[in-house]
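Residue numbers (my numbering): 545 to 896.
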């Protein structure tokens, strides 16, 4: 009786030992070593990025070159996170090498504005600064970038002196008129160089910042007496060449035109009524009823015309804009090329 019991216990111990030894082996076989590199949207390696398996506390961080290594299973999801960057999740799915580009956090981008000496968080600024992103500006369609700023930025007044296409004569004022004897135009800085807004392609603008007070614009000296407008254009990003084409079509016409009386009968009737109201008694000063009836019952409009001078002067014209952009970068050299074409006839007949 003792012998069978001993054999049974021995088999049980042996089975338990085999199960204990095989469990870690199965777990180890299901994990693979995953390596890769994490970089920014500009192609620079990111150090200190936390790489963690979803649902598991342990993980790793990238080194100074943006490289990392971690053990994970095929079914695991890797979470990449860094302050100021968008948290990104990637399914392993039998991949042993995963490279990733972390994008800027959209919530933090809105808080950062360009100032004369670099960039700062909006919450840390003490000066009067207003900023707008190029994506917001380009929700409108305009051939002149100054038109995109109308009503967009507090403290910036945009007035258009002419309706002639290509010669709008736009006037910019920061916090009103600063001098009656000198120019009130603000200083415009494009990518660190004094320039002009009217010469820019609206599609090339990344963001615009307006420095409105002396504290924020002091770095530019006396030239900033009327404020400063800082324009940052789009830059190329490392990676494959990207080609994009943008096309817009619309119409342009004169707006807020006066409501004129161009009907001859209405004009003569109103003219006579005005003379009567003013006490004019001279019959030669008013139109006769025979003349009014002649226009009213006319069969030949060449002899008794009704002419709308506004229709004869102004017209509705089609407007087309084409933009072709080419961007990319490699080997530390980035590029962004934008070619634009605008076809905007003038709304006044007889001009081009």
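Built from N, CA and C at the ideal position, the CB exists for glycine as well.
Residue range of the alpha helix (DSSP H) that includes residue i
i: residue 822; result: 808–822
i: residue 857; result: 853–857
Residue i, buried or exposed, once every other Cβ within 10 Å from all chains shown has been counted against 16
i: residue 566; result: Note that residue 566 scores 43 on pLDDT, short of 50, meaning its location in the model is unreliable; the coordinates nonetheless yield the value given after this. Exposed, since its Cβ has fewer than 16 Cβ neighbours within 10 Å.
i: residue 792; result: exposed
i: residue 747; result: buried
i: residue 620; result: buried
i: residue 612; result: buried
i: residue 851; result: exposed
i: residue 700; result: buried
i: residue 569; result: Bear in mind that a pLDDT of 44 at residue 569, under 50, signals an unreliable position, so the number given afterwards is only what the model happens to contain. It counts as exposed.
i: residue 857; result: exposed
i: residue 688; result: buried
i: residue 881; result: exposed
i: residue 808; result: buried
i: residue 743; result: exposed
i: residue 797; result: exposed
i: residue 673; result: buried
Collapsed DSSP secondary structure at residue i in the structure displayed
i: residue 690; result: helix
i: residue 678; result: helix
i: residue 891; result: coil
i: residue 619; result: coil
i: residue 840; result: helix
i: residue 648; result: strand
i: residue 540; result: Given a span of 545 to 896 for the chain in the structure shown, any question on residue 540 remains unanswerable.
i: residue 589; result: strand
i: residue 747; result: helix
i: residue 738; result: strand
i: residue 763; result: helix
i: residue 826; result: coil
i: residue 549; result: Low per-residue confidence applies at residue 549: pLDDT is 43, beneath 50, and the placement is therefore not dependable enough to give any value.
i: residue 566; result: Caution applies to residue 566, whose pLDDT of 43 falls short of 50 and renders its modelled position unreliable; the value that the coordinates give is listed next. Residue 566: helix per DSSP, three-state reduction.
Residue i, enclosing beta strand (DSSP E) - first and last residue
i: residue 874; result: 861–874
i: residue 581; result: 575–584
i: residue 788; result: 783–796
i: residue 701; result: 700–704
i: residue 774; result: 772–777
i: residue 632; result: 632–635
i: residue 594; result: 594–597
i: residue 714; result: 714–718
i: residue 707; result: Residue 707 -> no beta strand (DSSP E), and no H or E assigned at all.
i: residue 603; result: 603–605
Nearest candidate by alpha-carbon position, reference residue i, set the options
i: residue 680; options: 802, 773, 609 and 750; result: 750
i: residue 705; options: 698, 716 and 696; result: 716
i: residue 575; options: 618, 682, 593 and 600; result: 618
i: residue 839; options: 819, 812 and 829; result: 812
i: residue 795; options: 685, 648, 814 and 602; result: 685
i: residue 864; options: 886, 756, 616 and 790; result: 886
i: residue 720; options: 770, 742, 683 and 697; result: 770
i: residue 815; options: 854, 802 and 831; result: 831
i: residue 804; options: 762, 622, 648 and 854; result: 854
i: residue 632; options: 595, 867, 786 and 843; result: 595
i: residue 589; options: 614, 639, 636 and 643; result: 643
i: residue 761; options: 741, 744, 733 and 698; result: 733
i: residue 628; options: 615, 738, 862 and 591; result: 591
i: residue 637; options: 604, 690 and 622; result: 622
i: residue 738; options: 773, 819 and 640; result: 773
i: residue 682; options: 895, 823, 745 and 708; result: 745
i: residue 600; options: 649, 614 and 587; result: 614
i: residue 782; options: 630, 866 and 647; result: 647
i: residue 799; options: 759, 891, 676 and 581; result: 891
CB contact below 8 Å: residue i versus chain D
i: residue 700; result: Absent from the structure is chain D; it holds one protein chain and no more.
Check: residue i C-beta below 7 Å from any heavy atom of the ligand FAD
i: residue 830; result: Here there are no bound small molecules, and the ligand FAD is not part of this structure.
Stretch pair the region 776–789 + the region 867–879: three plus CB contacts closer than 8 Å: yes
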